[in-house]
Amino acid sequence: AFMAARCRQKQWFCAPECTYRPGSKLIPVLPDAYMDEYRLLINRYPNTRFYQAVVKECKWLAAYAR
593 AFMAARCRQK QWFCAPECTY RPGSKLIPVL PDAYMDEYRL LINRYPNTRF YQAVVKECKW
653 LAAYAR
């Protein structure tokens with residue numbers, strides 16, 4: 593689910609209407625249609641060791657989980 597979430601995020605970055613630019617210090621706001629996989633991680637797997645490890649490494653997942 594994590595890699596699927598990252599792939600969907602990259603798809604958003606390639607969309608013409610996306611205003612996020614690589615290298616920005618800001619956490620990108622993803623449209624609702626691109627958040628399904630992140631929601632799956634956040635809602636179904638928060639108590640797993642994998643989730644705990646990846647949320648420490650991925651600042652975007654940590655921000656989306658708040």
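Residue numbers (the working numbering): 593 to 658. All residues carry an ideal CB built from backbone N, CA and C; glycine is no exception.
Residue 618: not part of any alpha helix (DSSP H); DSSP gives it neither H nor E. Distance between residue 657 and residue 627, taken at the CA atoms: about 11 Å. A straight line joining the alpha-carbon of residue 612 with that of residue 620 spans about 6 Å. Going by DSSP, residue 600 is part of the alpha helix (DSSP H) stretching over 594 to 606.
Inclusion of residue 655 and residue 647 in the CB contact set at 7 Å is not warranted, their separation being larger than that value.
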